[in-house]
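Engineer: Have a look at this one before I ask anything.
2 protein chains.
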Amino acid sequence: MLSEFKKYLSESLELPDQEIQPILSSAIPRKLRRNELLLQAGDVCRHKVFIVSGILRTYSISANGNEHIVQFSSEKEWTLDIESYDLETPATVNIAAVEPTDAILWKKNDFNALLASLPLLKKYSKQLISRKIYENRQRLLTAISATPEEKYDDFIRNNPHLIARLPLHMIAAYLGISLKTLTRIRHAQLYR
Amino acid sequence: MLSEFKKYLSESLELPDQEIQPILSSAIPRKLRRNELLLQAGDVCRHKVFIVSGILRTYSISANGNEHIVQFSSEKEWTLDIESYDLETPATVNIAAVEPTDAILWKKNDFNALLASLPLLKKYSKQLISRKIYENRQRLLTAISATPEEKYDDFIRNNPHLIARLPLHMIAAYLGISLKTLTRIRHAQLYR
DNA sequence: GCAAAGTATGGTCAAATGACCACGTTTTTC
DNA sequence: GAAAAACGTGGTCATTTGACCATACTTTGC
Numbered sequence: 004m005l006s007e008f009k010k011y012l013s014e015s016l017e018l019p020d021q022e023i024q025p026i027l028s029s030a031i032p033r034k035l036r037r038n039e040l041l042l043q044a045g046d047v048c049r050h051k052v053f054i055v056s057g058i059l060r061t062y063s064i065s066a067n068g069n070e071h072i073v074q075f076s077s078e079k080e081w082t083l084d085i086e087s088y089d090l091e092t093p094a095t096v097n098i099a100a101v102e103p104t105d106a107i108l109w110k111k112n113d114f115n116a117l118l119a120s121l122p123l124l125k126k127y128s129k130q131l132i133s134r135k136i137y138e139n140r141q142r143l144l145t146a147i148s149a150t151p152e153e154k155y156d157d158f159i160r161n162n163p164h165l166i167a168r169l170p171l172h173m174i175a176a177y178l179g180i181s182l183k184t185l186t187r188i189r190h191a192q193l194y195r
Numbered sequence: 004m005l006s007e008f009k010k011y012l013s014e015s016l017e018l019p020d021q022e023i024q025p026i027l028s029s030a031i032p033r034k035l036r037r038n039e040l041l042l043q044a045g046d047v048c049r050h051k052v053f054i055v056s057g058i059l060r061t062y063s064i065s066a067n068g069n070e071h072i073v074q075f076s077s078e079k080e081w082t083l084d085i086e087s088y089d090l091e092t093p094a095t096v097n098i099a100a101v102e103p104t105d106a107i108l109w110k111k112n113d114f115n116a117l118l119a120s121l122p123l124l125k126k127y128s129k130q131l132i133s134r135k136i137y138e139n140r141q142r143l144l145t146a147i148s149a150t151p152e153e154k155y156d157d158f159i160r161n162n163p164h165l166i167a168r169l170p171l172h173m174i175a176a177y178l179g180i181s182l183k184t185l186t187r188i189r190h191a192q193l194y195r
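Chains as they are written, first to last, in the numbering used here: chain A, 4 to 195; chain B, 4 to 195.
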């Protein structure tokens with residue numbers, strides 16, 4: 004599991020070998036089964052998470068028991084409940100594996116030490132956060148302005164690697180539409 | 004206009020006087036009339052903006068001509084199109100005054116210099132950005148999970164200082180519901 | 001490999017929503 | 001202060017959406 008992560012560090016971050024070693028030494032590998040929780044709402048999010056393989060979903064359960072998905076994260080992505088992690092407050096969301104997932108965790112202290120000692124890592128982290136901010140604004144705009152069909156088409160366009168791996172009801176829970184509406188859209192698109 | 008901003012700096016940021024002066028000296032005051040554009044989609048966002056009084060709205064126009072509001076910003080808040088500002092790419096949103104507004108602008112270079120020389124300002128900026136991230140996630144969650152009525156109630160709860168100053172159609176454009184639905188909700192709430 | 005769980009689709013029906021239009025009132029602008 | 005623009009509400013009607021349920025099929029987990 005760590006060797007793939009090493010590859011990511013050297014290729015995507017272009018980190019030299021001697022900077023990779025300290026990152027590995029505080030890494031905590033973690034295997035998750037389908038539907039296993041990585042973070043439970045109410046707990047404090049104490050780790051940064053990198054996904055080696057698999058998919059995680061970040062979701063919350065509304066008063067009437069419905070699940071709403073804030074985010075999917077898959078291979079070579081990082082995830083956490085940022086608010087809970089920063090402020091050390093109870094998480095309001097759950098993070099669970101959609102499919103069997105290999106992840107790597109770092110404790111907050113360890114990761115902060117890495118950020119302080121590895122400028123390249125820090126720079127890269129900032130970039131990732133910025134990109135997330137831009138993406139989230141776009142997602143919000145779509146959520147308030149697009150029709151269900153546009154939302155679905157958008158999702159396919161932005162997440163081609165996920166469509167075949169996610170059950171439809173999760174896509175619906177991510178888009179904020181009902182499963183029924185989603186299957187109707189798919190049905191309609193068959194004959195066009 | 005600048006004196007109110009000075010007060011903000013010393014009270015909210017607790018900046019000592021000698022750190023306030025450099026911020027003021029690169030500040031560009033700007034008065035906006037109702038509906039006047041501060042940033043036009045297509046242009047690059049080249050300024051950080053602080054609002055002394057008034058309200059700005061950040062919005063985009065969809066293909067069919069509808070306006071969708073990404074954000075309202077009012078007194079003592081900062082605003083910009085962060086993606087356009089960071090990457091110096093054409094903005095995809097417009098920023099315009101909802102009511103007559105007094106704002107203060109800084110050029111990116113000037114503001115970056117301030118951030119580099121004033122650690123307190125930098126720290127405060129980071130905090131603001133973090134808070135925005137948390138808020139935006141909550142807003143997204145509401146957008147995909149709440150009923151129109153819940154969205155409206157949420158809006159009132161989170162923006163009590165704005166409700167009386169915004170026309171309903173803008174609130175609708177912010178919530179992603181039609182004006183008709185919004186007036187229906189208000190009507191229903193009268194008799195409860 | 002097999003039982004159990006999960007998944008995709010479709011039917012039906014009630015309710016919610018939006019598009020369009022009209023009208024009386026309020027606010028803005030000069 | 002008067003004309004014009006903007007605003008809030010309501011009516012109607014077609015359409016979309018969701019809730020609930022059933023069924024056939026596929027995937028999962030041991």
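We put the CB at the ideal spot given by N, CA and C, even for glycine.
Computed from a predicted structure; not experimentally measured.
(1) 8 Å is my cut-off, CB to CB: does Tyr127(B) come that close to chain A?
(2) Assign Ala30(A) to one of two classes, buried (16 or more other C-beta atoms within 10 Å of its C-beta) or exposed (fewer than that).
(3) Just checking, does the segment 178 to 192 of chain B make contact with the segment 144 to 153 of chain B on the three C-beta pairs under 8 Å criterion?
(4) Evaluate Leu40(A) with the Cβ neighbour count: other Cβ atoms within 10 Å of its Cβ, from every protein chain shown; 16 or more gives buried, anything less gives exposed.
(5) For Ala100(A), write down the residues that DSSP places opposite it in a beta bridge.
(6) Just to confirm, is the Cβ distance from Leu202(B) to Val96(B) under 8 Å?
(7) Need the endpoints of the alpha helix (DSSP H) that Leu165(B) sits in, please.
(8) Please compile the residues from chain A whose C-beta is within a distance smaller than 9 Å of the C-beta of Asn139(B).
(9) Could you compute how far the alpha carbon of His71(B) sits from the alpha carbon of Asp156(B)?
(10) Closest to Asp84(A) by C-alpha separation, out of Ala44(A), Ile54(A), Ser65(A), Ala106(A), would be which residue?
(11) On the three-state DSSP scale, how would you describe Glu91(A)?
(12) Measure the CB-CB distance between Gly57(B) and Asp105(B) and report whether it falls below 8 Å.
(13) Could you tell me which residues DSSP pairs with Val52(A) in its beta bridges?
(14) Given that Val73(B) touches chain A, what residues does it touch there, using C-beta distances under 9 Å?
(15) Rounded to whole angstroms, how far is the Cβ of Thr184(A) from the Cβ of Leu171(A), which I believe are closer than 8 Å?
(16) Exposed or buried, Thr92(B), counting other C-beta atoms within 10 Å across all chains shown (16 or more means buried)?
(17) With a threshold of 8 Å between beta-carbons, can Asp157(B) be considered close to chain A, or not?
(18) Could you tell me the distance, in whole angstroms, from the CA atom of Val52(B) to the CA atom of Gln21(B)?
(19) Could you compute how far the alpha carbon of Ser87(B) sits from the alpha carbon of Pro163(A)?
(20) Looking at the strands, I want to know which residues DSSP matches up with Leu131(A).
(21) In angstroms, rounded to a whole number, what distance separates the CA positions of Ala94(B) and Asn139(A)?
(22) If the criterion is Cβ atoms closer than 8 Å, does the pair Ala99(A) and Ile147(B) meet it?
(23) I want to see whether chain B comes within less than 8 Å of Asp46(A), judged by CB atoms only; does it?
(24) Determine, for Gly179(A), whether the minimum Cβ-Cβ distance to residues of chain B falls below 8 Å.
(25) Short of 8 Å Cβ to Cβ, which residues in the segment 86 to 109 of chain A face chain B?
(26) Evaluate Arg142(B) with the Cβ neighbour count: other Cβ atoms within 10 Å of its Cβ, from every protein chain shown; 16 or more gives buried, anything less gives exposed.
(27) Please confirm whether Ser133(A) has its beta-carbon closer than 8 Å to some beta-carbon of chain B.
(28) Which residues share a DSSP beta bridge with Arg33(B)?
(29) Are there 16 or more other CB atoms within 10 angstroms of the CB of Gln24(A), so buried, or fewer, so exposed?
(30) Inspect the beta-carbon positions of Leu27(B) and Lys10(B) and report whether they are closer than 8 Å.
(31) Quick one: does Gln28(A) have its CB under 8 Å from some CB of chain B?
Structural biologist: Looking at the coordinates:
(1) So, not an interface residue.
(2) Classification for Ala30(A): buried.
(3) Judged by Cβ distances under 8 Å, the segment 178 to 192 of chain B makes contact with the segment 144 to 153 of chain B, as three or more pairs qualify.
(4) Leu40(A) should be labelled exposed.
(5) In the DSSP assignment, the residues bridged to Ala100(A) are Leu59(A).
(6) For chain B, the structure presents residues 4 to 195; residue 202(B) sits outside this window and is missing.
(7) DSSP places Leu165(B) outside any alpha helix (DSSP H), giving it a letter other than H or E.
(8) Annotation: Cβ neighbours of Asn139(B) in chain A (cutoff 9 Å, chain order): Ile136, Asn139, Arg140, Leu143.
(9) Roughly 19 Å between the two C-alpha positions.
(10) Nearest C-alpha to Asp84(A): Ala44(A).
(11) Secondary structure of Glu91(A) (DSSP, three-state): coil.
(12) Between Gly57(B) and Asp105(B), the CB-CB gap stays under 8 Å.
(13) DSSP output for Val52(A) lists Thr82(A), Leu108(A) as bridge partner(s).
(14) Here the neighbours are Arg140, Leu143, Leu144, Ile147.
(15) With 8 Å as the limit, Thr184(A) and Leu171(A) do not qualify as a contact, their Cβ atoms being about 11 Å apart.
(16) Result: exposed.
(17) Taking Cβ atoms only, chain A never reaches closer than 8 Å to Asp157(B), which makes this a no.
(18) One C-alpha to the other measures close to 22 Å.
(19) When rounded, the distance between both Cα atoms is 26 Å.
(20) BP columns for Leu131(A) are empty, so no partner.
(21) Near 16 Å, if we compare the C-alpha coordinates of Asn139(A) and Ala94(B).
(22) At least 8 Å separates the beta-carbon of Ala99(A) from that of Ile147(B).
(23) For Asp46(A), the nearest beta carbon of chain B is not closer than 8 Å to its own beta carbon.
(24) It does; some Cβ of chain B falls within 8 Å.
(25) From the segment 86 to 109 of chain A, only Glu86, Asp89 have a Cβ closer than 8 Å to chain B.
(26) Arg142(B) is classed as buried because its beta carbon has at least 16 other beta carbons within 10 Å across all chains shown.
(27) With respect to chain B, the C-beta atom of Ser133(A) has a partner C-beta closer than 8 Å.
(28) Beta-bridge pairing by DSSP links Arg33(B) to Ala106(B).
(29) Exposed: under 16 other Cβ atoms inside 10 Å.
(30) No, Cβ-Cβ distance for Leu27(B) and Lys10(B) is not below 8 Å.
(31) At residue 28(A) the sequence reads Ser, which differs from the Gln that was named. No, Ser28(A) lies away from the interface with chain B (no Cβ there is under 8 Å from its Cβ).
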